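Only one structure is covered here, and it is reproduced in the block below.
In UniProt numbering, the protein residues as written are 1 to 440.
In structure tokens:
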């Protein structure tokens with residue numbers, strides 16, 4: 001009997017080997033349970049050449065091919081199956097040099113490095129960081145996923161929101177550029193921000209601002225119902241209520257952000273810093289253009305209300321708790337309720353952009369009272385009180401009134417006070433203090 005005949009007979013006699021699956025020329029006889037126990041570290045070329053199936057073979061030859069493939073013994077290749085040494089030095093450079101990348105790519109690579117560093121510090125969060133950062137190919141993808149996880153609910157799926165956000169980011173690269181500018185702004189201006197990744201994952205002011213950017217794009221496209229839904233979810237989750245019709249520039253810092261309200265026709269320029277509990281609202285129920293216009297580089301302190309269609313000039317500073325209902329000139333400071341210019345008719349001009357310096361103080365020493373700086377009036381008053389105390393009692397006034405060192409005269413010339421009136425009020429306060437000291 002010829003060999004092909006014997007081979008064919010043996011092959012078809014076996015109930016296992018004669019099944020249609022095994023008879024397929026693409027069938028691999030080795031199962032997972034028969035795999036070599038030695039771990040495979042790398043796919044390296046081996047000297048053993050497998051039998052190849054040829055569609056031009058005759059039936060007899062084909063049966064012999066299957067039989068020989070089945071009976072052929074499997075030997076573990078000592079080279080290809082050997083585990084790779086843990087101490088083996090890398091011979092190829094798999095990491096891109098950061099210096100060779102443009103700033104945008106550099107930012108994303110840096111965020112990935114920050115994520116890996118955080119995993120080394122806190123391995124418990126490895127799955128969280130992988131899902132949120134390391135599994136994504138770009139900042140846009142990571143942001144879209146993270147926002148969707150935050151804003152989704154049982155009736156608004158995460159997958160649906162991912163498609164919405166990614167659609168906006170893909171259509172408008174200006175939005176993506178503004179996102180990156182916001183990341184840098186938060187990292188540079190907020191001392192509590194330890195990394196870009198920390199900002200992306202944990203800063204609700206940043207997340208609320210980026211969700212608004214997507215909602216504003218949808219609003220402009222006429223998809224107002226969807227834009228308003230995103231606004232509602234952001235308000236519920238982050239306690240930040242920004243109407244999708246509001247226009248916001250780039251390089252924005254929303255510090256803490258809780259209680260922030262921005263009206264429909266409000267406009268916020270570039271590089272603006274806003275703290276929590278701020279309202280950019282209207283003054284009534286009239287429709288139309290009714291909300292504030294904030295210039296570039298403005299700093300708005302916590303608890304501030306800016307009401308009406310008024311303009312806040314470039315580089316202005318609004319003190320915490322102020323209520324602003326009149327326009328504010330560029331590079332000036334206003335404080336109070338109602339807010340007044342620091343310095344009155346001769347307002348102090350700010351040399352630096354307050355949104356960058358994040359200096360929330362009102363710099364009382366630079367206030368002008370009459371034709372004198374406030375610190376000069378204070379020093380004259382303190383000197384007069386000390387001289388009067390020494391002349392009458394021979395004691396140091398600082399021993400009796402330690403607070404004299406930090407005495408402030410709250411005299412700020414406004415539109416109703418003249419130079420003479422301001423100086424008279426200062427003289428009256430000095431006389432009253434000296435009179436009180438004579439009776440000690």
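For glycine and all other residues, C-beta sits at the position ideal for the given N, C-alpha and C. Predicted model, so just to flag it, every value in this text is computed and none were measured.
- The way I'd put it, the region 266-283 does touch the region 337-356; three or more beta-carbon pairs between them come closer than 8 Å.
- The beta carbons of residue 207 and residue 165 sit no closer together than 8 Å.
- With contacts defined as CB atoms closer than 8 Å, residue 301 and residue 320 qualify as a contacting pair.
- Boundaries around residue 260 are those of the beta strand (DSSP E), 260-262, since no alpha helix (DSSP H) includes it.
- Under DSSP, no beta-bridge partner is assigned to residue 150.
- According to the DSSP assignment, residue 280 belongs to the beta strand (DSSP E) that extends over 279-281.
- Annotation: residue 335 is outside any alpha helix (DSSP H); the continuous beta strand (DSSP E) that includes it extends over 333-335.
- For the pair residue 337 and residue 260, the Cα-to-Cα distance works out to about 19 Å.
- It is roughly 10 Å from the alpha-carbon of residue 346 to the alpha-carbon of residue 332.
- When the beta-carbon positions are compared, residue 189 and residue 253 come within less than 8 Å of each other.
- For residue 183, the uninterrupted alpha helix (DSSP H) segment begins and ends at 173-189.
- When the five nearest sequence neighbours on each side are left out, the beta carbons in the same chain lying within less than 6 Å of the beta carbon of residue 317 are those of 299, 333, 354, in order along the chain.
- Counting only the Cα atoms, residue 159 lies some 45 Å from residue 330.
- Excluding five sequence positions before and after residue 361, none of the CB atoms of its chain fall closer than 7 Å to its own CB.
- When the alpha-carbon of residue 204 is set against those of 143, 246, 169, 163, the nearest one is in 143.
- In this model, residue 324 and residue 291 are separated by some 12 Å (Cα to Cα).
- Counting of Cβ neighbours within 10 angstroms places residue 137 among the exposed residues, the total staying below 16.
- Straight-line measurement puts the Cα of residue 192 at about 13 Å from the Cα of residue 358.
- Comparing C-alpha distances from residue 171 to each of 221, 127, 267, 107 shows the shortest one belongs to 221.
- Taking 8 Å as the cut-off, the Cβ atoms of residue 181 and residue 209 do not count as close.
- When secondary structure is reduced to three states using DSSP, residue 341 falls in the strand class.
- Residue environment: residue 288 is assigned as exposed (fewer than 16 neighbouring CB atoms within 10 Å of its CB, all protein chains considered).
- For the set 219, 148, 186, 134, the Cα lying nearest the Cα of residue 275 is the one of 186.
- Classified as exposed, residue 121 has fewer than 16 neighbouring CB atoms from the shown chains inside 10 Å of its CB.
- The criterion of a C-beta distance shorter than 8 Å is satisfied by residue 139 and residue 107.
- For the region 208-279, the full-length beta strand (DSSP E) segments reaching 3 residues or more read 240-242, 260-262 along the chain.
- The distance from the Cβ of residue 244 to that of residue 280 is about 14 Å, inconsistent with a contact at the 8 Å cut-off.
- CA-CA distance, residue 201 to residue 251, rounds to 18 Å.
- Counting along the chain, residue 201 sits inside the alpha helix (DSSP H) bounded by residues 196-202.
- At a Cβ-Cβ threshold of 8 Å, residue 284 and residue 263 do not count as neighbours.
- Per DSSP, reduced to three states, the secondary structure at residue 299 is strand.
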